[in-house]
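These notes are about the structure you will find just below.
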Amino acid sequence: MPSAQSPSQSPVPQPVELFTPAFHQDPHGALAALRQTAPAVPVVTPNGLRTWLISGYEQARELLADPRLSKDMRVGRDLIPRNFADPEKQRAFLAESGDHSQFPQVLSVHMLDSDPPDHTRLRRLVGRAFTARRVEALQPRIIEFTDELLDGIAGSERVDLMEALAFPVPFTVICWLLGVPPDDRSEFRRWSNLLVSGAGTPEVRDASVSMIAYLRALIESKRTEPADDILSDLVQVSDEGDQLSDDELISMAFLLLVAGHETTVNLIGNGTLALLQHPAAREQLATDPALWPAAVEEFLRYDGPVTNATWRFTTEPVEVGSVLIPEGEFVTISLGAAGRDPARYSDPDRLDITRSHSASVAFGHGIHHCLGAPLARLEGQIVISRLFARFPALRLAVDSTELRWRSSLMMRGLEELPVLTGRSA
Ligand code: HEM
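With UniProt numbering, the residue at position 85 of the sequence shown is 85, and numbering never jumps.
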């Protein structure tokens with residue numbers, strides 16, 4: 001039970017269990033109910049970790065930019081044991097996930113797990129390589145690759161779009177950025193799938209060791225033979241004599257893989273599903289393709305990839321409205337709940353592709369605002385628009401209630417998206 005008290009000394013309620021299988025089937029209903037309870041609600045994850053849920057738009061935006069909340073996971077990891085509600089579950093969690101102190105630190109010396117001044121330095125150096133020009137240059141390749149995948153789908157009546165389209169595009173784009181050669185990609189994908197599962201099992205640790213060794217060798221090869229990719233630029237980049245160390249390069253490559261891959265997969269999956277469920281929006285886009293950029297913003301708000309949570313911990317007590325969160329506790333900010341806050345968006349549960357989208361938090365806010373947002377938007381627009389243009393009769397192959405959602409603490413995404421292609425245009 002959290003030790004927090006509201007300023008009026010009213011007792012803090014028992015933590016609500018969140019991120020259960022029922023939650024993943026309908027997170028927006030559960031999040032809306034919690035938003036009405038309090039600006040910060042104590043919740044517990046199914047494996048027993050206590051945290052505070054933030055579900056209002058204003059509070060989310062403020063806390064995302066609040067320096068009293070840290071993302072330094074080298075420190076945050078030590079807070080895990082004391083934030084367990086139940087000692088039994090903590091023992092089970094540690095037994096199941098292994099000794100986290102053994103998990104390679106090199107994978108979390110990246111900007112998303114850092115605070116200033118480390119964050120400032122890393123983001124500045126990486127920003128020099130991750131330029132708008134680089135992202136724009138990818139456009140024709142993404143179009144060509146998407147069309148090849150759509151050609152592959154055209155022969156089948158029933159297809160799982162997650163496997164056939166939503167996964168391959170972002171994953172291949174990351175491989176292009178990092179310069180991972182085609183022959184290495186299936187092994188690279190196997191390791192990355194294991195690593196993003198977040199478990200601390202021996203299999204995952206083996207994958208992390210293999211991935212680190214692979215990235216170390218790849219970096220060395222970019223140093224001796226630079227190619228036209230971001231990793232080669234990152235190896236060369238320097239800022240007044242300052243350079244990324246090999247460990248920082250490995251961690252950055254890993255961050256690009258995780259942050260840039262899982263998220264965009266779910267933008268494509270959730271966005272496609274939203275359109276399949278909203279024929280009027282689909283017709284609007286068919287008659288007015290200029291609406292696509294706004295439609296992608298709306299997909300990000302309506303059912304975005306980071307619906308469930310992005311995590312931080314308090315370095316001092318933080319007051320959120322009437323609730324005081326003590327120091328050393330985890331805070332989960334639900335970007336999906338923020339995007340459905342009726343105080344910010346009128347009729348928030350309605351998909352409206354003509355809505356205006358200033359100051360959206362779907363890509364975060366403040367110093368950690370997503371570095372890859374322009375790339376993600378580009379991929380989302382190309383893939384979803386070309387899919388619907390190519391298959392005008394595309395429809396869900398199952399009832400919406402039969403769709404299975406992944407049980408992730410952070411991401412909202414489908415296990416499978418079975419569709420019937422109809423006739424290709
Ligand atoms: C950070 C969302 C795609 C690279 C973030 C954050 C969010 C986010 C919410 C901030 C997290 C926080 O403050 O805790 C998304 C979504 C995407 C997407 C919804 C797809 C629809 C990408 C892509 C890349 C990328 C394609 C790169 C290839 C990054 C990086 C950061 C980041 C490097 C860390 C920035 C920092 O800490 O300063 N993203 N992202 N993301 N994202 Fe993305």
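C-beta: ideal position from N, C-alpha, C; glycine also. A quick note: this is a predicted structure, and the numbers were derived from the prediction, not measured.
Exercise. Which of helix, strand or coil does DSSP assign to Asp99?
Worked result: Along the sequence shown, read from residue 1 onward, the residue named residue 99 stands at position 99. Low per-residue confidence applies at Asp99: pLDDT is 43, beneath 50, and the placement is therefore not dependable, though the value from the model is reported in the following sentence. In the structure shown, Asp99 sits in coil (DSSP, three-state: anything other than H, G, I, E or B).
Exercise. Roughly how many whole angstroms lie between the Cα atoms of Leu234 and Arg77?
Worked result: Counting from 1 along the sequence shown, the entry for residue 234 is found at position 234. Counting from 1 along the sequence shown, the entry for residue 77 is found at position 77. Straight-line Cα distance between these residues: approximately 28 angstroms.
For this session: Identify whether Glu17 lies in helix, strand or coil by the three-state DSSP scheme.
Result: One-based indexing of the sequence shown puts residue 17 at position 17. Looking at Glu17 - three-state DSSP - the assignment turns out to be strand.
Exercise. If we ignore side chains and look at the alpha-carbon of each, how far apart do Arg406 and Glu379 end up?
Worked result: The sequence position of residue 406 within the sequence shown is 406, counting from 1. The sequence position of residue 379 within the sequence shown is 379, counting from 1. Arg406 and Glu379: Cα-Cα distance of roughly 22 angstroms.
Exercise. Would the stretch 327-340 and the stretch 27-46 be scored as touching if the rule is three or more Cβ pairs under 8 angstroms?
Worked result: yes
Exercise. What's the call for Gly155, buried or exposed, on a 16-neighbour Cβ count within 10 Å?
Worked result: Counting from one through the sequence shown, the residue named residue 155 turns up at place 155. Exposed is the call here.
Exercise. Are the Cβ atoms of Trp191 and Ala213 separated by less than 8 angstroms?
Worked result: Here residue 191 refers to the residue found at position 191 when the sequence shown is read from its first residue. Here residue 213 refers to the residue found at position 213 when the sequence shown is read from its first residue. No, they are not a contact pair.
Exercise. From what residue to what residue does the beta strand (DSSP E) around Pro326 run?
Worked result: Residue mapping note: residue 326 aligns to position 326 of the sequence shown, counting from 1. Run containing Pro326: none; DSSP gives neither H nor E here.
Problem set entry | Sequence-distant residues of its chain with Cβ nearer than 7 angstroms to His368 (five each side left out) | Stepping through the sequence shown from its first residue, residue 368 is reached at position 368. Counting only Cβ-Cβ distances below 7 angstroms, and skipping sequence neighbours, we find Lys71, Leu112.
Exercise. Which residue's Cα is closest to the Cα of Leu107: Arg412, Arg423, Ser251, Val361?
Worked result: Looking up residue 107 in the sequence shown gives position 107. Among Arg412, Arg423, Ser251, Val361, the Cα nearest to that of Leu107 is on Ser251.
Problem set entry | alpha helix (DSSP H) segment containing residue 494, residue limits | No answer is possible for residue 494: it lies beyond the span of the chain, which begins at 1 and ends at 425.
Exercise. What do you reckon, is the C-beta of Lys222 under 7 angstroms from a heavy atom of ligand 1?
Worked result: By one-based count along the sequence shown, residue 222 stands at place 222. Lys222: no, Cβ never under 7 angstroms from ligand 1.
Exercise. Straight-line CA distance for Asp184 to Trp176?
Worked result: The count along the sequence shown starts at 1 and reaches residue 184 at position 184. The count along the sequence shown starts at 1 and reaches residue 176 at position 176. About 12 angstroms.
Problem set entry | Nearest-angstrom Cα separation, counted from Leu420 out to Ala65 | Here residue 65 refers to the residue found at position 65 when the sequence shown is read from its first residue. Here residue 420 refers to the residue found at position 420 when the sequence shown is read from its first residue. Distance between the alpha carbons of Ala65 and Leu420 is about 43 angstroms.
Problem set entry | Distance CB(Gly364)-CB(Val265) smaller than 8 angstroms | Sequence index remark: in the sequence shown, residue 364 carries index 364 (1-based). Sequence index remark: in the sequence shown, residue 265 carries index 265 (1-based). No.
Problem set entry | CA-to-CA distance, Glu58 to Pro317, given in whole angstroms | Sequence index remark: in the sequence shown, residue 317 carries index 317 (1-based). Sequence index remark: in the sequence shown, residue 58 carries index 58 (1-based). Going by the C-alpha atoms only, they are around 19 angstroms apart.
Exercise. For Ala274, which three-state DSSP category applies?
Worked result: Looking up residue 274 in the sequence shown gives position 274. Helix at Ala274.
Exercise. Say the cut is 7 angstroms; is the CB of Cys370 nearer than that to a heavy atom of ligand 1?
Worked result: Mapped onto the sequence shown, residue 370 falls at position 370. For ligand 1, at least one heavy atom lies less than 7 angstroms from the Cβ of Cys370.
Exercise. Taking all protein chains shown into account, do 16 or more other C-beta atoms lie within 10 angstroms of the C-beta of Glu136, making it buried, or fewer, making it exposed?
Worked result: By one-based count along the sequence shown, residue 136 stands at place 136. Looking at its Cβ environment, which holds fewer than 16 other Cβ atoms inside 10 Å, Glu136 is exposed.
Exercise. Is His28 near ligand 1, judged by its Cβ being under 7 angstroms from some heavy atom?
Worked result: Taking the first residue of the sequence shown as position 1, residue 28 is located at position 28. Every heavy atom of ligand 1 is 7 angstroms or more from the Cβ of His28, so no.
Exercise. Taking the alpha-carbon positions, what's the Ile54 to Glu319 distance?
Worked result: If you number the sequence shown from 1, residue 54 lands on position 54. If you number the sequence shown from 1, residue 319 lands on position 319. Distance from the CA of Ile54 to the CA of Glu319, rounded to the nearest whole angstrom, comes to 12 angstroms.
Exercise. Who does Ser70 pair with in a DSSP beta bridge?
Worked result: Walking along the sequence shown from the start, residue 70 turns up at place 70. Paired residue(s): Phe313.
For this session: Answer yes if the stretch 14-31 comes into contact with the stretch 286-296, meaning at least three C-beta pairs across the two stretches below 8 angstroms, and no otherwise.
Result: no
Exercise. Between the stretch 144-152 and the stretch 352-364, do at least 3 Cβ pairs fall closer than 8 angstroms?
Worked result: no
For this session: Output the distance between the C-alpha atoms of Arg134 and Asp151, rounded to the nearest integer angstrom.
Result: As a working note, residue 134 is residue 134 in the sequence shown. As a working note, residue 151 is residue 151 in the sequence shown. If you take the alpha carbons of Arg134 and Asp151, they lie about 27 angstroms apart.
For this session: For Met111, verify whether its CB is less than 7 angstroms away from any heavy atom of ligand 2.
Result: Only ligand 1 can be found as ligands here, which leaves ligand 2 out of the picture.
Problem set entry | Heavy atom of ligand 1 within 7 angstroms of Leu273 beta-carbon | Position 273 of the sequence shown holds residue 273. Not under cutoff, so the answer is no.
For this session: Return the first residue and the last residue of the alpha helix (DSSP H) that Ala137 is part of.
Result: Working through the sequence shown from its first residue, we reach residue 137 at position 137. Segment 132-154, the alpha helix (DSSP H) holding Ala137.
Problem set entry | Any 3 or more C-beta pairs closer than 8 angstroms across the stretch 267-281 and the stretch 240-258 | Inter-segment contact for the stretch 267-281 and the stretch 240-258 is absent: fewer than three beta-carbon pairs are separated by less than 8 angstroms.
Problem set entry | Gly418 - partner residues in DSSP beta bridges | Along the sequence shown, one-based indexing puts residue 418 at 418. What sits at residue 418 in the sequence shown is Pro, not Gly. Residue pairing for Pro418: DSSP places it in a beta bridge opposite Asp160.
Exercise. Heavy atom of ligand 1 less than 7 angstroms from the Cβ of Glu306, yes or no?
Worked result: Within the sequence shown, residue 306 is the residue found at index 306, counting from 1. A small correction: the amino acid at residue 306 is Val; Glu does not occupy that position in the sequence shown. Indeed, a heavy atom of ligand 1 lies less than 7 angstroms from the Cβ.
Exercise. Within this structure, are the beta carbons of Pro289 and Ser385 separated by less than 8 angstroms?
Worked result: Taking the first residue of the sequence shown as position 1, residue 289 is located at position 289. Taking the first residue of the sequence shown as position 1, residue 385 is located at position 385. For Pro289 and Ser385, yes; Cβs fall inside 8 angstroms.
Problem set entry | Span of the alpha helix (DSSP H), counted from its first residue to its last, around Pro293 | The sequence position of residue 293 within the sequence shown is 293, counting from 1. 292-303 is the span of the alpha helix (DSSP H), which, as asked, contains Pro293.
For this session: Tell me the start and end of each unbroken beta strand (DSSP E) in the stretch 242-268 that is at least 3 residues and wholly inside, in chain order.
Result: none
Exercise. Should Thr20 be counted as a contact of ligand 1 given a C-beta to heavy atom distance under 7 angstroms?
Worked result: Position 20 of the sequence shown, counted from the start, is the residue given in the question as residue 20. No.
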